[in-house]
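Written below as structure tokens is the structure these notes are about.
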Amino acid sequence: MGAFGVLLGILQYAGLYVQLTAALTVGHGELDNHVSGNALFTEVPHDITTQSGEDVEMACSFRGVGSPSYSLEIQWWYIKDHRNWQQKSPQITNYVVPLEETSKDATKISVVKVVGSNISHKLRLSSVKPSDEGMYECRVIDFSGTVAQHHRVSAYLHVEPERSQGLLNVRVHQHTSPQSQGVNLKWALCVSFVYLQ
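In mature numbering (1 follows the signal peptide of the UniProt record, and there is no 0), the protein residues as written are -23 to -1, 1 to 174.
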């Protein structure tokens, strides 16, 4: 099996090189969702701009490479981030991350564990407010190998202040005089806009 093993190793290396090269040459507007081997994110969250008070949903799905007898864990994290959200690009990473690398501003929101090779979880936020703005990260931990593999994908939530409906004030002034035989009405329309934060 000597020559066959060498040939198989070369082909495997060439395939990995092609996959990594393709991932590095992805354009700014495109997103490569392959992470390692045949493992990939099958659904990724996208940056969202919404109004305060609206409901938001972010989806994340992942397909692993092993047989259905191993476990996957999916976690949603919130990372408070005040940097310019418009300069952010979609992020997918594939690397082993030590636990201490998690940001101090990160908060774990939810965890789902499955035995199998596919996992999916939707993050639902009700009545968002400006304080909910920030980076939301979907982390998948793949326990199929001897070392757990960590995969990440993230999206930014931008929450604009709620715009209230115009307040309508109507005043009715009635003027009568001895010479008038009817009622004179004057209408005054005052419209105000209030921005809540």
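Glycine residues also receive a C-beta, built at the ideal position from the N, C-alpha and C atoms.
Item: Could you work out which residue in Ser108, Tyr55 and Gly41 is closest to Ala125 when comparing CA atoms only?; Value: Gly41
Item: Where does Val117 land, buried or exposed, given buried means 16+ other C-beta within 10 angstroms?; Value: buried
Item: If you run the structure through DSSP and keep just helix, strand and coil, what is Ser94?; Value: coil
Item: Go to Ser38, then tell me how far its beta strand (DSSP E) extends in each direction, as first and last residue.; Value: Val33 to Arg40
Item: Buried or exposed: where does Gln28 fall if 16 or more other Cβ atoms within 10 Å of its Cβ makes it buried?; Value: exposed
Item: Between the beta-carbon of Thr26 and the beta-carbon of His135, is there less than 8 Å?; Value: yes
Item: Once DSSP output is grouped into helix, strand and coil, what is the label at Asp24?; Value: coil
Item: From Ser94, Lys106, Pro22 and Thr84, pick the residue whose C-alpha is nearest to that of Asp32; which is it?; Value: Lys106
Item: Classify Gly111: buried if its beta carbon has 16 or more other beta carbons within 10 angstroms, exposed otherwise.; Value: buried
Item: What number of angstroms, rounded off, separates the C-alpha of Ala(-10) from the C-alpha of Gly93?; Value: With a pLDDT of only 43 at Ala(-10), under the threshold of 50, the placement of this residue in the model should not be trusted, and no figure is reported.
Item: Under the three-state reduction of DSSP, which class applies to residue 190: helix, strand or coil?; Value: Here the chain covers residues -23 to 174 and nothing more, so residue 190 does not appear.
Item: In whole angstroms, give me the CA-to-CA distance for Lys90 and Leu100.; Value: 15 Å
Item: Who are the Cβ neighbours of Ala83 in its own chain at under 6 Å, not counting the five residues just before and after it?; Value: Trp54 and Ile56
Item: Are the Cβ atoms of Gly49 and Asp109 separated by less than 8 Å?; Value: According to the sequence shown, residue 49 is Leu rather than Gly. No. Outside cutoff.
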